[in-house]
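*Asks:* Please see the structure below; I have some questions.
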Amino acid sequence: MKHDVEILHTIGDFDQKETYIFDDKVINGIRTLIIYYKNSKNPIQNFIRRMKAYKMGFVKMQKPDVVHANVLHNNMLFAVYLKKKFKIPFVVTEHWTALRKINQDSTSGSVKKIAKFIGNQSSMMLPVSNDLKASLAELGITTPMQVIPNVVDTQLFEPNNSALDDFTFVHVSNLIPRKNADKILNVSIKLLKEGYKLKLKIGGDGETKTLREIVQKEGFENQIEVFDTLTLPEVSEKLKTSDCFILFSEDENQPCVIAESFASGIKVISTNVGGISEFFPDNFGILVERSDESLLENAMKALLNEKVITNKKEISDYAETTFSKNAIAQQFTDVYEEILN
Numbered sequence: 170m171k172h173d174v175e176i177l178h179t180i181g182d183f184d185q186k187e188t189y190i191f192d193d194k195v196i197n198g199i200r201t202l203i204i205y206y207k208n209s210k211n212p213i214q215n216f217i218r219r220m221k222a223y224k225m226g227f228v229k230m231q232k233p234d235v236v237h238a239n240v241l242h243n244n245m246l247f248a249v250y251l252k253k254k255f256k257i258p259f260v261v262t263e264h265w266t267a268l269r270k271i272n273q274d275s276t277s278g279s280v281k282k283i284a285k286f287i288g289n290q291s292s293m294m295l296p297v298s299n300d301l302k303a304s305l306a307e308l309g310i311t312t313p314m315q316v317i318p319n320v321v322d323t324q325l326f327e328p329n330n331s332a333l334d335d336f337t338f339v340h341v342s343n344l345i346p347r348k349n350a351d352k353i354l355n356v357s358i359k360l361l362k363e364g365y366k367l368k369l370k371i372g373g374d375g376e377t378k379t380l381r382e383i384v385q386k387e388g389f390e391n392q393i394e395v396f397d398t399l400t401l402p403e404v405s406e407k408l409k410t411s412d413c414f415i416l417f418s419e420d421e422n423q424p425c426v427i428a429e430s431f432a433s434g435i436k437v438i439s440t441n442v443g444g445i446s447e448f449f450p451d452n453f454g455i456l457v458e459r460s461d462e463s464l465l466e467n468a469m470k471a472l473l474n475e476k477v478i479t480n481k482k483e484i485s486d487y488a489e490t491t492f493s494k495n496a497i498a499q500q501f502t503d504v505y506e507e508i509l510n
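Each residue of the sequence shown is one higher than the one before, counting from 170 in the numbering used here.
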């Protein structure tokens, strides 16, 4: 099946004066129409403007055979509208942690009702993990489901076979509290004080001031690098010049960054949450059962003391067959053909 893909997206902006601004361009060879609408403090008005923006954008696009939506947010009521008015089927890729069973009690009833309604109107749900698939069923979604993981650009994220002087750990995230970057830093400093030879690269698009202050106070500026927001190529460079990625989150679905780490040929230490274990071969790192610093310490020591040389090709080959553009595109194609036939 040959695909002709166009992307339609809307974004609210509090600062713009015009009610709607159209940004129509070609990105990576794909026509992408983004409509910016003037945001307000009234959520109902914002929803109406967002739906109108989608309608105005849709008339400028080719009429699709199938719509591929992302996340069961109220935005995707527009996909239901297209199905009802134009008989266009839609599928939904879902990776929203708010819909995990463990989080459903703290997710508002209206959000869950809308998600259930949209999900049951779709032709197929495509959760990124079996853990999330079970959660969507728990929510009351009865539409057929197929697990398709997040995609990784394996041409960008690839191994670097140069040996590093010191074993290097890396953590990249948005640094929100549930990512536990502070715990990763604490354990790394503890190991350095115990005499372990290691380096840590830690940061992302969040608050880094406190991390920098701790590193400076402890006097480990030569062993610990704190960085701010990175571009995707810069993330790739950080990963490929490390030995192990650490994810110490309280909650996840199927994180792209673990797949990116595997594509880079490096091992991973992660908390065993969400669907992480579903795409985590036994010899590719260590899963810890909760975000307990003692468990992280033991895992880091295990890798630091490990005498086995990491087979970067084995790890990156797994990522290629599991998360690459070609691998995911083929699964999407099979879904589209099933729906259209």
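Here a beta-carbon is modelled for each residue, glycine too, at the ideal position from N, C-alpha and C.
1) Quick check on this structure: which residue in 265, 284 and 272 has the alpha carbon closest to the alpha carbon of residue 298?
2) Take residue 290 as the anchor and find which of 259, 196 and 505 has the nearest alpha-carbon.
3) Could you check which residue in 505, 438 and 429 has the C-alpha nearest to that of residue 516?
4) Along the chain, where does the beta strand (DSSP E) that runs through residue 194 open and close?
5) Can you list, in chain order, the residues of its chain whose CB lies under 6 Å from that of residue 283, leaving out five sequence neighbours each side?
6) Just grab the DSSP bridge partners of residue 181 for me.
7) Could you tell me which uninterrupted beta strand (DSSP E) segments, each at least 3 residues in length, are contained entirely in the segment 239-294, listed from first to last along the chain?
8) Could you say which of 207, 176 and 180 lies nearest to residue 197 if we only look at CA atoms?
9) Could you tell me the alpha carbon to alpha carbon distance between residue 182 and residue 475, rounded to whole angstroms?
10) Assess, as a yes-or-no matter, whether the segment 438-450 is touched by the segment 422-429 under the definition of 3 or more beta carbon pairs within less than 8 Å.
11) Report yes or no: do three or more beta-carbon pairs, one from the segment 369-383 and one from the segment 393-405, lie closer than 8 Å?
12) Taking the alpha carbon of residue 322 as the reference point, which residue from 502, 486, 504 and 503 has its own alpha carbon closest?
13) How many angstroms separate the CA atom of residue 256 from the CA atom of residue 230?
14) Spell out the partners DSSP gives residue 200 in its beta bridges.
15) Quick one: any contact between the segment 215-232 and the segment 263-280, if contact means 3 or more CB pairs under 8 Å?
16) At which residues does the beta strand (DSSP E) containing residue 436 begin and terminate?
17) Excluding sequence positions up to five away, which residues of its chain have a Cβ less than 8 Å from the Cβ of residue 354?
18) Below 7 Å CB to CB, which residues in the same chain sit around residue 245 once its five sequence neighbours on both sides are set aside?
19) Residue 456 and residue 446 look like a contact to me (Cβ under 8 Å); what is the Cβ gap, rounded to whole Å?
20) With burial defined as no fewer than 16 other Cβ atoms inside 10 Å of the residue's Cβ, what is the status of residue 193: buried or exposed?
21) What's the call for residue 405, buried or exposed, on a 16-neighbour Cβ count within 10 Å?
22) What does the alpha-carbon distance come out to for the pair residue 215 and residue 367?
23) Can you look up residue 421 in the DSSP assignment and give me helix, strand or coil?
24) Here's the rule: buried if 16 or more other CB atoms are within 10 angstroms of the residue's CB, otherwise exposed. What is residue 388?
25) Buried or exposed: residue 199, going by 16 or more other Cβ atoms within 10 Å of its Cβ?
26) Going by C-alpha to C-alpha distance, which of 173, 179, 205 and 171 sits closest to residue 186?
27) Should residue 222 be labelled buried (16 or more other beta-carbon atoms within 10 Å of its own) or exposed?
28) So residue 310 and residue 294 are in contact, right, with Cβ under 8 Å, and what is the actual spacing, rounded?
29) Put residue 492 into one of helix, strand or coil per three-state DSSP.
30) Return the bridge partner residues of residue 394 from the DSSP annotation.
31) Go through its chain and collect everything with a Cβ distance to residue 496's Cβ below 7 Å, but skip five positions before and after it.
32) Looking at residue 349 and residue 419, is the spacing between their C-beta atoms short of 8 Å?
33) Please confirm whether residue 409 and residue 483 have their CB atoms less than 8 Å apart.
34) Looking only at C-alpha atoms, which of 179, 358 and 268 sits nearest to residue 220?
35) Look at the Cβ atom of residue 494, then the Cβ atom of residue 240, and state whether they are nearer than 8 Å.
*Replies:* The answer reads as follows:
1) The count along the sequence shown starts at 1 and reaches residue 298 at position 129. Nearest to residue 298 by alpha-carbon distance, out of 265, 284 and 272, is 265.
2) Counted from its first residue, the sequence shown places residue 290 at position 121. That would be 259, whose Cα lies nearest to the Cα of residue 290.
3) Here the chain covers residues 170 to 510 and nothing more, so residue 516 does not appear.
4) To locate residue 194, count along the sequence shown from 1; it is residue 25. Per DSSP, residue 194 belongs to the beta strand (DSSP E) from 189-196.
5) Here residue 283 is taken as the residue at index 114 of the sequence shown, counted from 1. So the qualifying residues of the chain are 243.
6) Position 12 of the sequence shown, counted from the start, is the residue given in the question as residue 181. According to DSSP, which records beta bridges pairwise, residue 181 is partnered with 206.
7) Entirely contained in the segment 239-294, the beta strand (DSSP E) runs reaching 3 residues are, in chain order, 259-263.
8) As a working note, residue 197 is residue 28 in the sequence shown. Checking every option, the nearest Cα to that of residue 197 belongs to 176.
9) Indexing the sequence shown from 1 puts residue 182 at position 13. Indexing the sequence shown from 1 puts residue 475 at position 306. The straight-line gap separating the alpha-carbon atoms of residue 182 and residue 475 is approximately 50 Å.
10) The segment 422-429 vs the segment 438-450: in contact.
11) Contact check between the segment 369-383 and the segment 393-405: three or more CB pairs, one atom from each, fall below 8 Å, which counts as touching.
12) Your numbering for residue 322 matches position 153 in the sequence shown. Nearest in C-alpha terms to residue 322, of all of 502, 486, 504 and 503, is 486.
13) Your numbering for residue 256 matches position 87 in the sequence shown. Your numbering for residue 230 matches position 61 in the sequence shown. Here the alpha carbon of residue 256 sits roughly 16 Å from the alpha carbon of residue 230.
14) For this step, residue 200 is matched to residue 31 along the sequence shown. In the DSSP output, where bridge partners are listed per residue, residue 200 has 175 and 195.
15) Because the criterion of three Cβ pairs below 8 Å is not met, the segment 215-232 and the segment 263-280 do not touch.
16) As a working mapping, residue 436 is identified with position 267 in the sequence shown. 436-440 is the extent of the beta strand (DSSP E) around residue 436.
17) Your numbering for residue 354 matches position 185 in the sequence shown. The residues are 369, 371, 380, 383, 384 and 393.
18) In the sequence shown, the residue the question calls residue 245 occupies position 76. Around residue 245: 238, 261 and 287.
19) Residue numbering aside, residue 456 sits at position 287 when the sequence shown is read from its first letter. Residue numbering aside, residue 446 sits at position 277 when the sequence shown is read from its first letter. At roughly 6 Å, the Cβ-Cβ gap stays under 8 Å, so residue 456 and residue 446 are in contact.
20) On the sequence shown, position 24 is the one that residue 193 refers to. It is exposed - the Cβ of residue 193 has fewer than 16 other Cβ atoms within 10 Å.
21) As a first step, residue 405 must be located in the sequence shown, where it is residue number 236. Buried is the call here.
22) In the sequence shown, the residue the question calls residue 215 occupies position 46. In the sequence shown, the residue the question calls residue 367 occupies position 198. One Cα belongs to residue 215, the other to residue 367, and the distance between them is close to 49 Å.
23) Locating residue 421 in the sequence shown gives position 252, counting from the first residue. If DSSP states are grouped into helix, strand and coil, residue 421 belongs with coil.
24) Looking up residue 388 in the sequence shown gives position 219. It counts as exposed.
25) On the sequence shown, residue 199 is found 30 positions in, with the first residue counted as 1. Exposed, since its Cβ has fewer than 16 Cβ neighbours within 10 Å.
26) On the sequence shown, position 17 is the one that residue 186 refers to. The candidate whose alpha carbon is nearest that of residue 186 is 205.
27) The residue labelled residue 222 in the question sits at position 53 within the sequence shown. Sixteen is the threshold: when 16 or more other Cβ atoms of the shown chains lie within 10 Å of the Cβ of residue 222, as they do, the residue is buried.
28) Taking the sequence shown and counting its residues from 1, one reaches residue 310 at position 141. Taking the sequence shown and counting its residues from 1, one reaches residue 294 at position 125. About 6 Å; that satisfies the 8 Å criterion.
29) Along the sequence shown, one-based indexing puts residue 492 at 323. Residue 492 falls in the helix class under three-state DSSP.
30) As a first step, residue 394 is located in the sequence shown; it is residue number 225 there, counting from the start. For residue 394, which the question treats as bridged, DSSP gives the partners 370.
31) Working through the sequence shown from its first residue, we reach residue 496 at position 327. Setting aside the 5 residues that flank it on each side, residue 496 is surrounded in the same chain by 490, each with a C-beta closer than 7 Å to its C-beta; the list follows chain order.
32) The residue you call residue 419 lines up with position 250 of the sequence shown. The residue you call residue 349 lines up with position 180 of the sequence shown. Contact: yes.
33) In the sequence shown, counting from the first residue as 1, residue 409 sits at position 240. In the sequence shown, counting from the first residue as 1, residue 483 sits at position 314. Inclusion of residue 409 and residue 483 in the CB contact set at 8 Å is not warranted, their separation being larger than that value.
34) Counted from its first residue, the sequence shown places residue 220 at position 51. Of the residues 179, 358 and 268, the one whose Cα lies closest to the Cα of residue 220 is 179.
35) Here residue 494 is taken as the residue at index 325 of the sequence shown, counted from 1. Here residue 240 is taken as the residue at index 71 of the sequence shown, counted from 1. In this structure, residue 240 does not lie closer than 8 Å to residue 494 by Cβ.
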